[in-house]
Each structure stands twice: as structure tokens, then as C-alpha cells.
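Heads up, the thing below is written out as C-alpha cells.
There are 2 protein chains.
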Amino acid sequence: MLGGVYSPSDFPPFAVTVDLVVLTVRDEALCALLIRRGEAPFRGRWALPGGFVQVDEAVDAAAVRELGEETGVSGLHLEQLGTYGEPRRDPRMRVVSVAYLALAADLPVPVAGTDAAAASWVPVAEVGALAFDHSRILADGVERARAKLEYTPLGAEFCGPEFTVAELRRVYEIVWGVSLDPRNFHRKVTGAEGLLVPTGRSSSRDGGRPAALYRRGDAGVLYPPLVRASGS
Amino acid sequence: MLGGVYSPSDFPPFAVTVDLVVLTVRDEALCALLIRRGEAPFRGRWALPGGFVQVDEAVDAAAVRELGEETGVSGLHLEQLGTYGEPRRDPRMRVVSVAYLALAADLPVPVAGTDAAAASWVPVAEVGALAFDHSRILADGVERARAKLEYTPLGAEFCGPEFTVAELRRVYEIVWGVSLDPRNFHRKVTGAEGLLVPTGRSSSRDGGRPAALYRRGDAGVLYPPLVRASGS
DNA sequence: TAAATAGTGTCTCTGAGACAATATGCA
DNA sequence: TGCATATTGTCTCAGAGACACTATTTA
Chain R
14 MLGGVYSPSD FPPFAVTVDL VVLTVRDEAL CALLIRRGEA PFRGRWALPG
64 GFVQVDEAVD AAAVRELGEE TGVSGLHLEQ LGTYGEPRRD PRMRVVSVAY
114 LALAADLPVP VAGTDAAAAS WVPVAEVGAL AFDHSRILAD GVERARAKLE
164 YTPLGAEFCG PEFTVAELRR VYEIVWGVSL DPRNFHRKVT GAEGLLVPTG
214 RSSSRDGGRP AALYRRGDAG VLYPPLVRAS GS
Chain Z
14 MLGGVYSPSD FPPFAVTVDL VVLTVRDEAL CALLIRRGEA PFRGRWALPG
64 GFVQVDEAVD AAAVRELGEE TGVSGLHLEQ LGTYGEPRRD PRMRVVSVAY
114 LALAADLPVP VAGTDAAAAS WVPVAEVGAL AFDHSRILAD GVERARAKLE
164 YTPLGAEFCG PEFTVAELRR VYEIVWGVSL DPRNFHRKVT GAEGLLVPTG
214 RSSSRDGGRP AALYRRGDAG VLYPPLVRAS GS
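If you're matching them up, the sequences are chains R and Z in order. Read in order, the letters of the first sequence correspond to residues 14 to 245 in our numbering. Read in order, the letters of the second sequence correspond to residues 14 to 245 in our numbering.
Dropping the structure here:
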């Protein structure tokens with residue numbers, strides 16, 4: 014069938030939802046925001062937060078709304094991750110879900126939000142089987158986040174409004190699961206155009222020279238990119 | 014509302030479609046497969062091929078099916094591009110569309126397919142305003158294709174089963190709209206792991222040393238990547 | 001032979017990674 | 001002072017781009 018050649022009477026009805034992969038770095042681990050389901054199916058299982066797209070609401074807008082409801086925070090980076098539309102991914106009816114990826118600084122604590130279901134940050138390494146196909150969605154989100162750190166300034170999204178180069182480096186080390194040379198990392202990120210904007214000075218947690226504090230720059234891409242260990 | 018906490022009675026119904034951005038390189042131009050709409054709305058306008066997702070069909074499967082119906086070809090590279098869900102993107106009803114990107118070698122001619130609507134290859138530089146939000150979807154698809162050539166072997170998807178390095182280079186030049194040094198390009202692509210598999214020899218169109226023919230290798234990523242002119 | 005395209009070799013520059021050296025705080 | 005961390009500098013190597021040069025075909 015060619016696009017648009019149809020009438021309202023011949024389309025099968027679907028429900029459309031958004032699911033959110035919200036990631037943060039806390040306690041030295043990459044964590045995802047998960048909710049525990051209070052009802053069947055998958056009662057008691059962890060699941061991604063999300064919900065229905067309203068009749069008069071753009072799909073992207075639904076993701077923004079849900080993210081605000083879940084985290085109490087707005088203005089986070091939010092991007093489409095993919096759409097998951099297997100016929101039986103929800104056992105009760107035909108649901109197509111548009112997944113979004115959000116990166117957040119360590120938020121105080123997930124707000125209970127408009128729902129009774131418990132929400133909490135769970136280290137992605139300790140996440141077991143999730144409800145529906147959410148395990149795969151989460152895996153796709155984590156991989157996307159890892160890839161985006163290479164060529165975008167999004168690593169700074171995991172940090173607070175002001176942060177040190179070492180904090181940013183810890184983000185990279187935790188998300189990628191590698192260790193990076195502090196000297197080379199420092200040279201690269203301070204040299205990258207528009208990534209960091211200097212400010213004043215910082216605390217020295219346990220001793221050692223204080224580190225300069227930076228704010229996020231306005232660069233859209235990271236050049237030169239920070240590459241993970243590749244072919245070599 | 015949190016994910017999965019709902020009942021079948023409270024979801025608003027949507028129609029779900031797939032739209033295809035099918036790109037090829039022919040006549041020294043990057044071309045998209047478009048159909049001319051035979052009915053309102055947007056009667057007479059060009060639009061992307063696509064159609065409804067069936068009740069018992071996965072969304073990805075619907076894209077594969079539509080691609081086969083439109084091009085008569087299977088086995089092409091096909092990937093999700095994004096989902097477009099503005100409330101009034103279709104004036105008649107609420108339609109959420111999942112867009113896909115396909116890269117094809119120069120196919121003989123678009124088959125008329127199961128539809129009467131005329132389909133043809135249109136150079137993307139000459140595409141005017143499309144129906145619905147298809148102009149934006151096409152633009153997103155073209156940009157995705159350009160970006161993918163950098164770090165994946167997908168440029169070879171635009172070539173036939175056997176091709177020369179010069180043909181592959183023309184693909185890059187046309188898609189990116191730049192000119193590339195033949196010597197450096199040759200050294201790079203023949204040096205990239207798993208990109209090209211040698212075969213026999215080739216014709217020499219008008220004179221000049223014959224070029225070696227290659228088949229696509231099985232590499233999933235292109236390392237080292239071919240980068241477009243960037244920060245330098 | 002001339003023209004044309006294919007393919008190789010070389011040089012230089014940039015950036016990555018290893019790691020020495022210096023700077024600046026706290027106990 | 002001693003220790004810890006921050007920041008700078010230096011060295012080496014790989015790969016990109018410029019481009020000279022060789023190879024192999026047709027006219």
C-alpha cells in the first residue's frame with residue numbers, strides 16, 4: 014500500500030506509548046530510572062517509566078511530559094531512541110512504544126510522581142529481566158549513551174551545573190567501563206572547542222590541588238571526538 | 014502515568030504507518046524514491062512510499078514488506094530513522110509514522126507495485142515540498158545517510174554487486190557533495206579492514222588502466238572511519 | 001606515442017597515548 | 001614536609017591530506 018492512499022475506515026487501531034530510558038551516574042555506577050510494577054502483567058517486575066500518548070499530544074511532547082512527571086526535572090537532554098512495535102510485546106493489546114533516552118545529573122531522588130509505584134535508580138549492571146521488552150530498550154539506550162559520549166558533549170549532562178575535569182572524566186570512565194589517563198583527558202576536553210567554560214575554583218575533597226570548575230559550553234558536537242578504544 | 018499501568022479501555026486509538034526514505038545514486042545524483050499521490054489530501058504532490066502497519070505485523074516487518082512492494086527488491090539495508098507523531102501531521106486522523114531509511118544500488122526502475130500511483134527516482138536536490146511532513150523525514154534520512162557513510166561500510170550499498178574503487182568514490186562524492194582525492198581514497202578504502210573483497214578486473218570505460226573489481230566485505234563498522242571535512 | 005585512469009610512495013601535520021615534570025592545595 | 005590531585009609539557013606513533021610518480025590500458 015502506498016503512503017496516504019487510505020481512508021479512516023481501513024486502519025487497524027493501535028495504542029501508542031512512550032518509554033523512557035533515563036540514565037544518571039551516581040555512586041560510581043551508571044544507573045537507570047526504573048519503576049516497580051504494581052499490577053499485572055509483570056506485577057512486581059521492574060519496568061521503564063512511560064505512559065500513553067494523549068490524543069492531542071505530539072509523541073515527543075508526551076516524552077517530555079512523562080520525564081517531568083517522573084523526575085520532577087525539565088530541560089534535560091531527551092532524544093528518540095527507537096520505536097518498538099512487535100505485535101505481542103504487550104500481552105493485552107497492540108501497543109507501539111516510542112522509546113526516548115534522557116541523560117540526567119545525579120538527581121536528589123526520583124519523585125514518586127503522580128503514581129503510587131515506587132521509582133528508583135538501579136545500576137544498569139544489576140538490572141535483571143524487565144517487564145515487556147524493556148530489557149532490550151534499556152540495552153539500546155545504554156549503548157546509545159555510550160556512543161554519544163564519543164562525539165557529543167553529552168557527558169557533561171551527567172554532571173551538575175558546575176563540575177571539574179576529574180568529575181567529567183569519572184563519568185566517562187563509569188559509562189564506558191574503562192580507565193582514562195587524567196592528563197590526556199584533561200588536555201583533550203579543555204582543548205575541545207565549546208565544550209567547557211571556565212569559572213572559579215573548587216573544593217579539594219581529601220587533599221590535592223583544587224580543580225578548576227567549568228560549566229557546559231554550547232557546542233553541539235565534540236571536536237575532536239573522544240574515542241573509545243577502537244581498532245588499534 | 015507510569016508504564017503499563019492501564020487498561021484497554023482508556024487508550025486513545027492511533028493509526029500507525031511506516032514511511033520509507035529509499036535512497037540511491039544514479040545519473041551522478043543522490044535520488045530518493047517518491048510516489049505521486051493520486052488522492053486528497055495532497056493530491057498530485059510527491060510523497061514518500063509507505064503504508065499501514067497490519068494488526069498482526071511487527072512495525073519493522075511492515076517496513077520490509079513495503080520496501081519489497083515498492084522496489085521489488087529484498088535484502089537491502091533498512092534501519093529505523095525516527096518516529097513522527099505530531100497530532101495533525103495527517104489532516105484526516107491521528108497517525109503516528111515510523112520512518113525507515115533504505116539504501117539501494119541503482120535499481121532498474123521503480124516497479125509500479127501494487128498501486129496505481131506513479132513511483133520514480135527524484136534527485137534530492139530537486140525535490141520540492143512533499144506531502145504531510147515528508148520533507149522533514151526525507152531531510153532527516155539524507156542527513157542520516159551522509160553521516161553513516163563516515164563510519165559504516167554502507168557506501169557500498171549504493172554500488173552493484175561488483176564495483177571499482179572509483180565507483181565507490183563517486184558515491185561518496187555525490188552523497189557528500191565534495192570531491193575526494195582519488196589516491197588517498199584508494200589507500201583508505203583498500204586499507205580498511207573487511208570493507209572490500211578483491212575479485213578479477215574491470216572494464217576501462219574510455220581508456221585508462223582497468224580498475225580492480227571488489228565485492229562488499231562483511232565489516233559492520235568502518236575502521237578507520239572516512240571523515241568528512243570537519244573542524245580543521 | 002599521447003591521453004586517461006589506476007594504484008603506490010613520500011612528506012608533513014595533527015592528534016592520541018605514554019609518561020615526566022611542575023603546581024597547589026591539605027594533614 | 002609529605003601526600004594527593006591538578007595541570008602542563010614532551011615524545012612517539014598512526015593516520016589524513018597533498019602530491020610526485022609508476023602502471024596499464026585505449027586511441
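Glycine included, every Cβ here is placed at the ideal spot set by N, Cα and C. Remember, it's a predicted structure, so these values are computed and weren't measured experimentally.
Secondary structure note for residue 153 of chain Z: it is in no beta strand (DSSP E), and the uninterrupted alpha helix (DSSP H) holding it is 147-164.
Taking the Cα positions, residue 74 of chain Z is about 21 Å away from residue 148 of chain R. The residues 47, 48, 49, 50, 143, 144, 145 and 147, in chain order, have a CB closer than 8 Å to that of residue 60 of chain R in the same chain once the five nearest residues on each side in sequence are set aside. In the structure shown, residue 138 of chain R falls within a helical segment according to DSSP collapsed to helix, strand and coil. Residue pairing for residue 211 of chain Z: DSSP places it in a beta bridge opposite Z:227. About 5 Å separates the beta carbon of residue 33 of chain Z from that of residue 62 of chain Z, a gap short enough to meet the 8 Å contact definition.
Counting along the chain, residue 190 of chain Z sits inside no alpha helix (DSSP H), nor does DSSP assign it H or E at all. Distance check between residue 66 of chain R and each of R:110, R:229 and R:97 places R:110 closest, using alpha-carbon atoms only. Listed by position along chain R, the residues whose Cβ is nearer than 7 Å to that of residue 69 of chain Z are 100. In the three-state scheme derived from DSSP, where H, G and I count as helix and E and B as strand, residue 168 of chain R is classed as helix.
Counting along the chain, residue 51 of chain Z sits inside no alpha helix (DSSP H), nor does DSSP assign it H or E at all.
For residue 83 of chain R, no pairing in a beta bridge is given by DSSP. By the neighbour-count definition (other C-beta atoms within 10 Å, threshold 16), residue 30 of chain R is a buried residue.
Contacts with chain R at 9 Å (Cβ-Cβ) do not include residue 191 of chain Z. According to the DSSP assignment, residue 65 of chain R belongs to no alpha helix (DSSP H) but to the beta strand (DSSP E) extending over 63-65.
Cβ-Cβ distances below 8 Å link residue 167 of chain Z to 90, 116, 158 and 161 in the same chain, with the five nearest sequence neighbours on each side left out; the list follows chain order.
Contact of residue 104 of chain Z with chain R by beta-carbon distance below 9 Å is absent, the smallest such distance being about 10 Å. Around the CB of residue 184 of chain R, 16 or more other CB atoms lie within 10 Å, so the residue is classed as buried. When 7 Å is used as the limit between beta carbons, residue 95 of chain R is near these residues of chain Z: 93, in chain order.
Nearest CB-CB separation between residue 115 of chain R and chain Z: not below the 9 Å threshold.
Secondary structure note for residue 95 of chain R: its beta strand (DSSP E) is the uninterrupted segment 90-97. The alpha-carbon separation between residue 80 of chain Z and residue 113 of chain Z amounts to approximately 10 Å.
When beta bridges are read from the DSSP output, residue 39 of chain Z appears opposite Z:42.
When only Cα atoms are considered, residue 198 of chain R and residue 182 of chain R end up about 7 Å apart. Under the 9 Å criterion on CB atoms, residue 28 of chain Z is classed as interfacial with respect to chain R.
Chain order gives no chain R residues near residue 200 of chain Z, where near means a beta carbon separation below 9 Å; the closest approach is about 16 Å.
When only Cα atoms are considered, residue 43 of chain R and residue 134 of chain Z end up about 46 Å apart. Per DSSP, reduced to three states, the secondary structure at residue 181 of chain R is helical. Taking the CA atoms as reference points, residue 205 of chain R sits about 13 Å from residue 227 of chain R. Residue burial annotation: residue 156 of chain R is exposed, with fewer than 16 other C-beta atoms found within 10 angstroms of its C-beta. In this structure, Z:237 is the residue among Z:194, Z:153 and Z:237 with its C-alpha nearest to the C-alpha of residue 164 of chain Z.
The beta carbon of residue 107 of chain Z falls within 9 Å of a beta carbon belonging to chain R, placing the residue at that interface.
Per DSSP, the beta-bridge partners of residue 113 of chain Z are Z:33 and Z:93.
In the structure shown, the three-state DSSP call for residue 74 of chain R is helix.
In the structure shown, residue 108 of chain Z adopts extended strand secondary structure according to DSSP, grouped into three states.
If you draw a straight line from the Cα of residue 83 of chain R to the Cα of residue 37 of chain R, it comes to about 14 Å.
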